[in-house]
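Quick note, our numbering runs 1247 ahead of the 1-based positions in the sequence shown. So the structure is just underneath, and the comments pick up after that.
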Amino acid sequence: MDMVERKNLRGADFQEADFQEADLNEIDFHKAKLEEVNLCKAKNLSLDQLSRVKTFRNAKLDEELLIPLQKKYLLFFNTYNFILSIC
1248 MDMVERKNLR
1258 GADFQEADFQ
1268 EADLNEIDFH
1278 KAKLEEVNLC
1288 KAKNLSLDQL
1298 SRVKTFRNAK
1308 LDEELLIPLQ
1318 KKYLLFFNTY
1328 NFILSIC
C-alpha cells in the first residue's frame, strides 16, 4: 500500500489490514479498530495517532513505537491484556 487516500478514518474497522510501509501522515485513527493489523515500517505514524485508536490487539508494530506506547499506557495494557508483536 503506497498511500492511504482518505485521512479521516475515525471509527473504521481494519481487522487484519496490511499498512506495512504505508504513508500514514495525518491519518485520523480516532476510535478505529486495528486488530491484527500490520503496521510494520509504516511511514509517518506517531504515538499520538496510536493513542487515539480504540483497539489494536495482536497488531504488529515497530519497536520504536511499541515500547513508548506500552510505557505511556502501561495500566491500559495490563488491564486489557493486549498482545502486540514487534516487527
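Just so you know, even glycine gets a beta-carbon here, dropped at the ideal spot from N, CA and C.
Problem - Assigned secondary structure, Ile1341 (DSSP; H/G/I helix, E/B strand, else coil) - result: Only positions 1248 to 1334 of the chain appear in this structure, which leaves residue 1341 out of reach.
Problem - Sequence-distant residues of the same chain with beta carbon closer than 6 angstroms to Ala1289, five excluded per side - result: Mapped onto the sequence shown, residue 1289 falls at position 42. Closer than 6 angstroms at Cβ, skipping near neighbours: Phe1266, Ala1269 and Leu1271.
Handout entry: Three-state secondary structure (DSSP) of Lys1319
Key = If you number the sequence shown from 1, residue 1319 lands on position 72. Residue state, collapsed to three classes: helix.
Practice task
Per DSSP, which residues does Lys1280 bridge with? Please list them.
Solution key: Translated into the one-based positions of the sequence shown, residue 1280 becomes position 33. DSSP output for Lys1280 lists Asp1260 and Thr1302 as bridge partner(s).
Problem - From Leu1312, Lys1318 and Lys1319, residue whose alpha carbon lies closest to that of Cys1334 - result: Within the sequence shown, the letter at position 87 stands for residue 1334. Of the candidates Leu1312, Lys1318 and Lys1319, the one whose C-alpha sits nearest the C-alpha of Cys1334 is Leu1312.
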